[in-house]
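Presented below is the structure to which this report refers.
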Amino acid sequence: MIPRRMAATMLAAGVALGASAQSSPEAEIAKYREALAAGNPAELWEARGEDLWKQKRGPKNASLEACDLGKGAGVVKGAYAEMPRYFADADRVMDLETRLAHCMVTLQGFRFEDATKRVFGAGTNRSDFESLAAWITSEARGTTMNVALAHPKEREAYQLGEKMFYFRGGPHDFACATCHGESSKRIRLQDLPNLTEKAGAQLAYTTWPAYRVSQGELRTFQWRLNDCYRQQRFPDLKFASDASIALTTFLARNANGAAFNAPAIKR
Amino acid sequence: MADPMRIRAAERDGVVNVKILMSHEMETGQRKDASGKIVPAHFISKVTATHQGKTVLSAQWGTAVAKNPFLEFNFKGGKKGEKIAVTWEDNKGETRTDETTIN
Amino acid sequence: MKTRTSATAIFVGIAAIAAGCASMSDQEASQKALELMKTSFSERGQAKLDRLDQDETQKLCSKPPALELSKEVATRIEKANLDSIRYPADGMLLGDWKSGERIAQSGIGKQFSDDPKLPSGANCYACHQLSKAEISYGTIGPSLYNYGKLRGTSEPIQRYTYGKVYNSQAFTACSNMPRFGHNAILTEQQMKDVTALLLDPNSPVNQ
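Residue numbers (the working numbering), protein chains in the order written: chain A, 1 to 267; chain B, 1001 to 1103; chain C, 2001 to 2207.
Below you can see the structure in the form of structure tokens.
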């Protein structure tokens, strides 16, 4: 792989000479990413999410503004950088999406099954979770990742998440580590972050949620894990399941110390 | 109804830079759904931007523009505090207008 | 093949710090993680929950690379997987490289989103360079460009190549590569076609 900075230099040289013939696939991809970064449609989801957070909804006709994301009721700023975390009121470690579902149930009076009917949006059928997560994570942009593992259940989630990361199964024998256990690898032309190293874990985790240009949708970390497991040939990872939270805890903790930088934009 | 646009307009040295994000499916009419049926074309066909009621940009669009389009342009003569309005119209006749204040 | 450093002690140290003093034993954690997964996945399409039931090889290979496989365990894995290889009854190992190229390009098969009635691909290009023409190739596995040109098409090479596609772990314990024959991802004819893609002198791999 060509280091990012070198790819950028090559790109500049390519432009200066007007010679696209000598441009590498990596440089072309760098050029494409640069073009994308200008206007990130994730903002459309952020705007919807902020509205949703404040809207009175559900059988109890309540907004989510009293939802405690871990830093006190209604505190959104920076909350995502400390999640997943243990919530005493639920006696459970929760990631953002799980906590939002919890608040929809407890504050707004939705049944869990109704609240989680559409967790991944498709076109005009939007997911409230994707919009809410877009806004809430945007309120953590620039915050330093700090998943504390202060509670024993958080430490247990981390340990089990690590086990899941290396768990090989299914007809293809794939684990998360198959693609994300070594540095400087790619699948087809797509760079693969090494999630077992600090730099790779930080770069990957701090850039989700992301607007996926190929889908025209904003996707959250729950989607990221679900779709990785689909490609691993595993069954369907349940939304807000304990395994999804454990694996998220492992990956989020490994990103500690990095500045959170999402919603991002990806291919 | 379609979701609102996100519009930013900033004036510097007499030039106003306008950035617009639009929420639209922009279906090309070339794709097929899971059952093999063509997904009908649905795209923004016309975009107009006005400054204090006077048109500063007018564009005709087709299916080559991506979903959730981003548009950026500059024009001369705008001042801080003045209004920019943007309207899109799609091939089904649906339309949406949003406005913002230059800062 | 992956180089394994013997950083066992360091790794255990990191895990202990991260997990704190109340940590479970490694075996308890494995057991608990499996129980957690069993309740956290749901069956969908062709992907049933039995996909979480590991065979001996998968179990032994579910460890961080820092925990080095002992030579004895590696040999045991390779022996068991070698014994699983079934060569075609007709003795023919080389199929049609053109079909092999299509199989190498295709990444569908076995996902819950895939139609189980359609044949699976091998998705070789996801991890390997094969031909000069295809620039969209991955680097998880080694480049196989000129694979046959470098090795020739002798019978032992044919048998090794077919066997490697059938069950990669017969030759490299805990290889990242799927065991295409062993796990019935590809049919016998498809494996012959992929073998031909690698070995046939007319294949783009060997130009």
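We treat Cβ as the ideally placed atom computed from N, Cα and C, and that holds for glycine.
Note that the structure is predicted; figures quoted are calculated from it, not measured.
Between residue i and the rest of its own chain, which residues show a CB-CB distance below 6 Å, the 5 nearest in sequence each way excluded?
| i | result |
| --- | --- |
| Ala2007 of chain C | Its pLDDT being 43, under 50, Ala2007 of chain C is placed unreliably by the model, and nothing is read from it. |
| Gly1062 of chain B | none |
| Thr143 of chain A | Gly78, Ala81, Phe260 |
| Gly2100 of chain C | Asp2193, Val2194, Ala2196, Leu2197 |
| Arg33 of chain A | none |
| Arg233 of chain A | Gly170, Pro171, His172 |
| Gly2109 of chain C | Ser2120, Gly2121 |
| Glu1094 of chain B | none |
| Trp208 of chain A | Phe221, Arg224, Ala262 |
| Arg2151 of chain C | Ile2157 |
| Ser2175 of chain C | Ser2168, Gln2169 |
| Val76 of chain A | Ile136, Glu139 |
I need the boundaries of the beta strand (DSSP E) containing residue i, first residue and last residue.
| i | result |
| --- | --- |
| Arg92 of chain A | 92 to 94 |
| Trp208 of chain A | Premise fails: Trp208 of chain A is in no beta strand (DSSP E) and is neither H nor E. |
| Asn1074 of chain B | 1070 to 1076 |
| Thr1095 of chain B | 1095 to 1101 |
| Ser1058 of chain B | 1054 to 1060 |
| Tyr86 of chain A | 85 to 87 |
| Val1086 of chain B | 1083 to 1090 |
| His180 of chain A | Not the beta strand (DSSP E): His180 of chain A falls in the alpha helix (DSSP H), residues 176 to 180. |
Closest Cβ-Cβ distance between residue i and chain B: below 8 Å?
| i | result |
| --- | --- |
| Ala133 of chain A | no |
| Gly49 of chain A | no |
| Leu44 of chain A | yes |
| Pro41 of chain A | yes |
| Thr124 of chain A | yes |
| Ala38 of chain A | yes |
Does the beta carbon of residue i come closer than 8 Å to any beta carbon on chain A?
| i | result |
| --- | --- |
| Glu1072 of chain B | yes |
| Pro1040 of chain B | no |
| Ser1035 of chain B | no |
| Lys1092 of chain B | no |
| Glu1025 of chain B | yes |
| Arg1096 of chain B | no |
| Arg1006 of chain B | yes |
| Lys1019 of chain B | yes |
| Ala1085 of chain B | no |
| Lys1067 of chain B | yes |
| Asp1013 of chain B | no |
| Ala1009 of chain B | no |
| Thr2172 of chain C | no |
| Leu2036 of chain C | yes |
Do we get a CB-CB distance below 8 Å when we pair residue i with the residues of chain C?
| i | result |
| --- | --- |
| Phe234 of chain A | yes |
| Gln302 of chain A | No information on residue 302 of chain A is available, as it lies outside the stretch 1 to 267 that chain A covers here. |
| Gly181 of chain A | yes |
| Arg186 of chain A | yes |
| Met83 of chain A | no |
| Met164 of chain A | yes |
| Leu189 of chain A | yes |
| Ala21 of chain A | Any reading at Ala21 of chain A must be qualified, since the residue scores a pLDDT of 48, below 50, and its modelled position is unreliable; no value is offered. |
So residue i and residue j are in contact, right, with Cβ under 8 Å, and what is the actual spacing, rounded?
| i | j | result |
| --- | --- | --- |
| Ser214 of chain A | Gly200 of chain A | Contact flag wrong, Cβ pair sits at about 22 Å. |
| Asp95 of chain A | Phe221 of chain A | 7 Å |
| Lys185 of chain A | Leu192 of chain A | 5 Å |
| Ser2062 of chain C | His2182 of chain C | Incorrect: roughly 17 Å between the Cβ atoms, too far for contact. |
| Glu65 of chain A | Gly58 of chain A | Rounded, the Cβ-Cβ distance is 13 Å, inconsistent with contact. |
| Lys1080 of chain B | Glu1011 of chain B | 5 Å |
Just to confirm my understanding: we take residue i, look at its own chain, exclude 5 residues before and 5 after, and list those with CB closer than 7 Å. What are they?
| i | result |
| --- | --- |
| Val2073 of chain C | Leu2060 |
| Leu44 of chain A | none |
| Leu36 of chain A | Val213, Ile265 |
| Phe129 of chain A | Glu97, Leu100, Val119, Thr220 |
| Leu52 of chain A | Asp128, Ser131, Leu132 |
Could you check where the alpha helix (DSSP H) with residue i kicks off and where it finishes?
| i | result |
| --- | --- |
| Leu2060 of chain C | 2056 to 2060 |
| Glu65 of chain A | Per DSSP, Glu65 of chain A belongs to no alpha helix (DSSP H) and is neither H nor E. |
| Asn226 of chain A | 221 to 231 |
| Phe112 of chain A | 112 to 115 |
| Gln2190 of chain C | 2188 to 2199 |
| Leu44 of chain A | 42 to 54 |
| Glu1011 of chain B | First-last for Glu1011 of chain B: 1006 to 1012, but that is the beta strand (DSSP E), not the alpha helix (DSSP H). |
Below 8 Å CB to CB, which residues in the same chain sit around residue i once its five sequence neighbours on both sides are set aside?
| i | result |
| --- | --- |
| Gly70 of chain A | Ala79, Glu82, Met83, Arg85, Phe87, Arg99 |
| Ala21 of chain A | Model confidence at Ala21 of chain A stands at a pLDDT of 48, short of 50, so the residue's coordinates are unreliable; what they give is reported in the following sentence. Answer for Ala21 of chain A: no residue qualifies. |
| Asn1068 of chain B | Leu1021, Met1022, Ser1023, His1024, Met1026 |
**Request:** May I ask you to list, following chain order, the residues of the region 97 to 122 of chain A that have a beta carbon less than 9 Å from some beta carbon of chain C?
**Result:** none
**Asked** Going along the chain, which residues of the region 166 to 178 of chain A sit with their C-beta nearer than 9 Å to a C-beta in chain C?
**Response** Tyr166, Phe167, Arg168, Gly169, Gly170, Pro171, His172, Asp173, Phe174, Ala175, Ala177, Thr178
**Prompt:** Mind listing which residues of the region 134 to 160 of chain A have their C-beta closer than 7 Å to chain B's C-betas, in chain order?
**Reply:** none
**Prompt:** In chain order, what residues of the region 2044 to 2073 of chain C put their CB closer than 7 Å to some CB of chain A?
**Reply:** Arg2044, Ala2047, Lys2048, Leu2049, Arg2051, Leu2052, Gln2054, Gln2058, Cys2061, Ser2062, Lys2063, Pro2064, Pro2065
**Message:** Under 8 Å, CB to CB, which of the residues in the region 233 to 259 of chain A have a partner in chain C?
**Reply:** Arg233, Phe234, Pro235, Asp236, Leu237, Lys238, Ser241, Asp242, Ala243, Ser244, Ala246, Arg253
**Item:** Near-chain A residues of the region 2113 to 2134 of chain C - C-beta to any C-beta below 8 Å
**Value:** Ser2113, Tyr2125, Ala2126, Cys2127
**Request:** Anything in the region 210 to 235 of chain A with a Cβ closer than 7 Å to a Cβ of chain C? List those residues in chain order, please.
**Result:** Arg230, Gln231, Arg233, Phe234, Pro235
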